[in-house]
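Asks: Here our numbering is used: the first residue of the sequence shown is 1006, the next is one more, and so on.
For every residue, glycine included, the Cβ atom is placed at its ideal position computed from N, Cα and C.
Owing to the predicted nature of the structure, the values given are computational and were not obtained by experimental measurement.
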Amino acid sequence: ADSILVLRGNTSEGLQKRIALKFLRLAAQDSSSTDEFLNDLITRHSASGMFALMPLAALLLQWFFDRKRFYWEHLIFSLHIHTIIFILLAGFTVVELFLPNEYEFPLVGLQFLGLLLYLFLALLRVYGHPWPATALRLLFMSIPYFLALIIALLVVPGIASLLWAM
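1) Under a Cβ-count criterion, where at least 16 other Cβ atoms within 10 Å of its own Cβ denotes burial, should Gly-1054 be classed as buried or exposed?
2) Among the residues of its own chain, which have a CB less than 8 Å from the CB of Met-1059, if the five just before and after it don't count?
3) Return the CA-CA distance between Leu-1124 and Ile-1164, expressed in angstroms with no decimal places.
4) On the premise that Tyr-1150 lies in contact with Leu-1061, defined as a C-beta separation below 8 Å, what is that separation, rounded to the nearest angstrom?
5) Mapping the DSSP letters down to three states, classify Leu-1058 as helix, strand or coil.
6) Have a look at Ala-1057, Gln-1067, Phe-1056 and flag the residue whose alpha-carbon is nearest the alpha-carbon of Arg-1142.
7) Between the beta-carbon of Leu-1120 and the beta-carbon of Ile-1090, is there less than 8 Å?
8) Can you check whether the CB of Leu-1064 is closer than 8 Å to the CB of Met-1146?
9) Kindly give me the distance between the Cβ atoms of Leu-1154 and Phe-1070, rounded to whole angstroms, as I take these residues to be in contact under 8 Å.
10) Taking all protein chains shown into account, do 16 or more other C-beta atoms lie within 10 angstroms of the C-beta of Thr-1098, making it buried, or fewer, making it exposed?
11) Give me the Cα-Cα distance between Leu-1112 and Ala-1057, rounded to the nearest whole angstrom.
12) Have a look at Phe-1117 and Lys-1073 and give me their C-alpha separation to the nearest angstrom.
13) Determine the direct distance from the alpha carbon of Ala-1138 to that of Val-1160, and round the result to whole angstroms.
14) Under the assumption that Glu-1101 contacts Glu-1107 (Cβ atoms under 8 Å), give the Cβ distance between them as a whole number of angstroms.
15) Looking only at its own chain, which residues have a Cβ that is under 8 Å from the Cβ of Tyr-987, when we skip the five neighbours before and after it?
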């Protein structure tokens, strides 16, 4: 592998060389195993990204729903919601194993709607606002949360892949 890097004109040392060697080995594999590797990397580390977002979700809950409660109360509710999300994701992952690929997209839509409905009903019950106010607050709370979620789902696997390359 070192000689291939030299032939390609790559004379880097240290971390850059290790990353180049890992990607060279990855490129030598067939594309399906590379896709499987990247999907596995993202799947394994996306839970860490979501775990890191629980304090942010609690802060958003406090800001949008009830500032009179203590932060830790919102953090417990955030932990509850994220636990339900993880359980539902695990359940749908098991179901996906037995379904053909053409049902994957409708299943993801059903999964998202189920999570949204559960979150909406839980917010109604816990915070006691009328349903239009809860829906509006949920909408405005979702914007910064989903932006942070996208960043977390890109950054955490990216850091993991860099650590894998070391």
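Replies: With the given structure in hand:
1) So Gly-1054 counts as buried.
2) Only residues of its own chain outside the window of five on either side were considered, and among them Leu-1080, Ser-1083, Leu-1084, His-1087 have a CB closer than 8 Å to the CB of Met-1059, listed in chain order.
3) Their backbone Cα atoms lie some 30 Å apart in a straight line.
4) Yes, Leu-1061 and Tyr-1150 are in contact; Cβ-Cβ is about 7 Å, under 8 Å.
5) If DSSP states are grouped into helix, strand and coil, Leu-1058 belongs with coil.
6) That would be Gln-1067, whose Cα lies nearest to the Cα of Arg-1142.
7) The answer is yes: Cβ separation under 8 Å.
8) No, they are not a contact pair.
9) Not really, about 19 Å apart at Cβ, beyond 8 Å.
10) Within 10 angstroms of the beta-carbon of Thr-1098 lie fewer than 16 other beta-carbons, which makes it exposed.
11) So the alpha carbons of these two residues sit roughly 26 Å apart.
12) If you take the alpha carbons of Phe-1117 and Lys-1073, they lie about 30 Å apart.
13) Spanning the two alpha carbons is a distance of roughly 33 Å.
14) About 12 Å separates the beta carbons of Glu-1101 and Glu-1107, which is beyond the 8 Å limit, so they are not a contact pair.
15) Examination of residue 987 is not possible in this model, given that the chain is present from 1006 through 1171 alone.
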